[in-house]
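Chemist:
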Amino acid sequence: KNQVEQSPQSLIILEGKNCTLQCNYTVSPFSNLRWYKQDTGRGPVSLTIMTFSENTKSNGRYTATLDADTKQSSLHITASQLSDSASYICVVLNASGGSYIPTFGRGTSLIVHP
Amino acid sequence: GAGVSQSPSNKVTEKGKDVELRCDPISGHTALYWYRQSLGQGLEFLIYFQGNSAPDKSGLPSDRFSAERTGGSVSTLTIQRTQQEDSAVYLCASSLMGTGGYEQYFGPGTRLTVT
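Keeping their order, the protein sequence lines are chains C and L. With the first sequence counted from 1, adding 286 to any position gets you this note's numbering. Mapping of the second sequence onto this note's numbering: position 3 corresponds to residue -15, and the numbering continues sequentially without gaps.
#1: Which parts of the segment 289 to 364 of chain C are runs of the beta strand (DSSP E), unbroken and 3 residues or longer, counting only runs that do not cross its ends?
#2: Might you give, ordered along the chain, the residues of its own chain that have their beta carbon closer than 7 Å to the beta carbon of P90/L, omitting 5 neighbours on each side?
#3: How many Å lie between S76/L and T356/C at the Cα?
#4: With a threshold of 16 other CB atoms inside 10 Å of the CB of L300/C, please say whether the residue is buried or exposed.
#5: How far does the beta strand (DSSP E) with Q86/L in it reach, from first residue to last?
#6: Between V335/C and chain L, is the shortest Cβ-Cβ distance under 8 Å, so that the two count as touching?
#7: Who are the Cβ neighbours of P7/L in its own chain at under 6 Å, not counting the five residues just before and after it?
#8: Does DSSP put Q23/L in a helix, in a strand, or in coil?
#9: Is there a C-beta anywhere in chain C that falls below 8 Å from the one on F47/L?
#10: Kindly indicate the opening and closing residues of the beta strand (DSSP E) around L59/L.
#11: Examine chain C for any beta-carbon lying closer than 8 Å to the beta-carbon of E50/L, and answer yes or no.
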């Protein structure tokens, strides 16, 4: 069964600090892995998309890593800001029979305090 | 440009009633996805449309759920004989293509409450 596990479930940090969110997956066949940011009451917004051959990808203060061998990914947030408070969702797409179906993690709820 | 829009933003319905949720994807996007997000749960894939191909309905939880996409654009998700466990936020997303590597753009969702 395709699964995506995220940790921690929730995280509280002080403004300006760094943090790292983890994602482990068992999805096959693998197509790509995505990190989304979801603010309360809004739809998710994409941060990064990583394919099998990519080890790291950055988007501003967000840096995602992917280890396809161990099926692990991380999202590192540098110099956190209050606006980073949101849920961060790891999504893995599998490619099967021409369809690209996503499996979602439950997300990590990040709260940044001043 | 306009993003993905969904209507209504909120819907309260009585158990047993039918509801229709609408999604207007970004113009030109050939792929459209419906998801459900229950309280405290991750997003759950429901159905996927790609161009004129037959939709992938593998995520629909029961035969009370159905979806259509007319003219390759607007999509309607219909839930018949609603149950309380159908209460959730229903999200729609579209992408330029459905071949995996393209960005998905999400709408704001429809919050459905079944009383």
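Even for Gly, the Cβ is constructed at its ideal location relative to N, Cα and C. Please read all numbers here as calculations on a predicted model, not as lab measurements.
Modeler: So, from the listed chains and residues:
#1: 289 to 293, 296 to 300, 305 to 312, 316 to 324, 331 to 337, 342 to 345, 348 to 353, 358 to 363
#2: Stepping through the second sequence from its first residue, residue 90/L is reached at position 108. The answer, listed in chain order, is Q(-12), S(-9).
#3: Mapped onto the second sequence, residue 76/L falls at position 94. Mapped onto the first sequence, residue 356/C falls at position 70. The alpha-carbon atoms of S76/L and T356/C are separated by roughly 30 Å.
#4: The sequence position of residue 300/C within the first sequence is 14, counting from 1. The residue is exposed, with fewer than 16 neighbouring Cβ atoms inside 10 Å.
#5: The residue you call residue 86/L lines up with position 104 of the second sequence. Counting along the chain, Q86/L falls outside any beta strand (DSSP E), and DSSP gives it neither H nor E.
#6: Within the first sequence, numbered from 1, the residue matching residue 335/C stands at position 49. Looking at the sequence shown, residue 335/C is not Val but Ile. Chain L contact via Cβ: present.
#7: Counting from one through the second sequence, the residue named residue 7/L turns up at place 25. Contacts found: V(-14), L14, S76.
#8: As a position in the second sequence, residue 23/L is number 41, starting the count at 1. Three-state DSSP puts Q23/L in coil, outside helix and strand.
#9: The residue labelled residue 47/L in the question sits at position 65 within the second sequence. Output row for F47/L: interface = no.
#10: By 1-based counting over the second sequence, the position of residue 59/L is 77. Its beta strand (DSSP E) spans residues 57 to 61.
#11: Residue 50/L sits at position 68 when you count from the first residue of the second sequence. No, E50/L lies away from the interface with chain C (no Cβ there is under 8 Å from its Cβ).
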